[in-house]
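**Student:**
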Amino acid sequence: MRTLDRFRILAAMGGMVVMAGSAAAQDAPAPQAETVEAPPAPAPTGPDWWIFSRSDQRGYLIDVNSIVRTGDELTVRIARVPRQGDPSDYSHTEDVFGIRCTARETHVDTSMDVFEDGAPTEPYATGEPWEAVRPDSLDEGALTIACDDRRPPGPSYPDIKAWIDAGRP
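Sequential numbering from 158 applies to the sequence shown in my numbering.
#1: Measure the alpha-carbon distance for residue 216 versus residue 209 and round it to whole angstroms.
#2: Work out the CA separation of residue 270 and residue 278 for me, nearest whole Å.
#3: If contact is defined by three or more beta carbon pairs under 8 Å, each pair taking one atom from either stretch, is the region 245-256 in contact with the region 220-236?
#4: Between the region 260-268 and the region 285-293, can you find at least three pairs of beta-carbon atoms closer than 8 Å?
#5: Where do the N-terminal and C-terminal ends of the beta strand (DSSP E) with residue 207 fall, by residue?
#6: Tell me the start and end of each unbroken beta strand (DSSP E) in the region 203-273 that is at least 3 residues and wholly inside, in chain order.
#7: Beta-carbon within less than 6 Å of residue 324's beta-carbon, same chain only, minus the 5 sequence neighbours each way: which residues are those?
#8: According to DSSP, simplified to helix, strand and coil, what is residue 297?
#9: Does DSSP put residue 276 in a helix, a strand or coil?
#10: Report the option in 292, 306, 259 and 318 whose CA atom is closest to the CA atom of residue 223.
#11: Check whether the Cβ atoms of residue 268 and residue 281 sit closer than 8 Å, and answer yes or no.
#12: Just confirm the distance between the C-beta atoms of residue 317 and residue 238, as a whole number of angstroms; I'd bet it's less than 8 Å.
#13: Here's a check: name, in chain order, each residue in its chain whose Cβ is nearer than 7 Å to the Cβ of residue 225, leaving out the five neighbours to either side.
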């Protein structure tokens, strides 16, 4: 009988070990599946100029890759280019607009002129105050494109020279 009792005790102990091992396995955290996140989209490189407004005198282009956000405020480059001129005349003005998206305010932060041969002058601060954006204005077009991350219709250009070379369309 002693052998039978020993056998029962050993069997019971073995069951307890199996149960303890099972409980320990339940308590241990499940192995984590490796999550592979897609790498972020590469940042746009180089200028990407889009015509977003025209008058009889000028074409207004916006470089959508120049947008720099700081909270609700951003800056973006805008070019004012004569619509008429000699095909080899690359003169125009480039401004850095400051835009406050929620407040709907803009101002020209810096400006620089580009000569007929395409050589730029040094940018200079304009000292312009912030102003409310008027409906249907050039500033409202820039605000909509920059703040809402939109693109105007039509083709884009790698630089202002390419737009002028395309015939100032």
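Even glycine gets a Cβ: it sits at the ideal position worked out from N, Cα and C.
**Tutor:** Checking against the coordinates, here is how it stands:
#1: As a working mapping, residue 216 is identified with position 59 in the sequence shown. As a working mapping, residue 209 is identified with position 52 in the sequence shown. So the two alpha carbons sit approximately 8 Å from each other.
#2: As a working mapping, residue 278 is identified with position 121 in the sequence shown. As a working mapping, residue 270 is identified with position 113 in the sequence shown. The straight-line gap from Cα to Cα measures roughly 6 Å.
#3: yes
#4: yes
#5: Stepping through the sequence shown from its first residue, residue 207 is reached at position 50. 206-211 is the extent of the beta strand (DSSP E) around residue 207.
#6: 206-211, 215-227, 230-239, 249-257 and 262-271
#7: Along the sequence shown, one-based indexing puts residue 324 at 167. So the list is empty, once near-sequence residues are dropped.
#8: Taking the sequence shown and counting its residues from 1, the one referred to as residue 297 is at position 140. In the structure shown, residue 297 sits in a helix (DSSP, three-state: H, G or I).
#9: In the sequence shown, counting from the first residue as 1, residue 276 sits at position 119. Three-state DSSP puts residue 276 in coil, outside helix and strand.
#10: Taking the first residue of the sequence shown as position 1, residue 223 is located at position 66. When only C-alpha atoms are compared, the closest one is 306.
#11: Within the sequence shown, residue 268 is the residue found at index 111, counting from 1. Within the sequence shown, residue 281 is the residue found at index 124, counting from 1. Against a cut-off of 8 Å, the Cβ pair of residue 281 and residue 268 comes out as a contact.
#12: For the purposes of this step, residue 317 is taken as the residue at position 160 of the sequence shown. For the purposes of this step, residue 238 is taken as the residue at position 81 of the sequence shown. With a Cβ gap of about 6 Å, residue 317 and residue 238 count as contacting.
#13: To locate residue 225, count along the sequence shown from 1; it is residue 68. Taken in chain order, the residues that qualify are 231 and 232.
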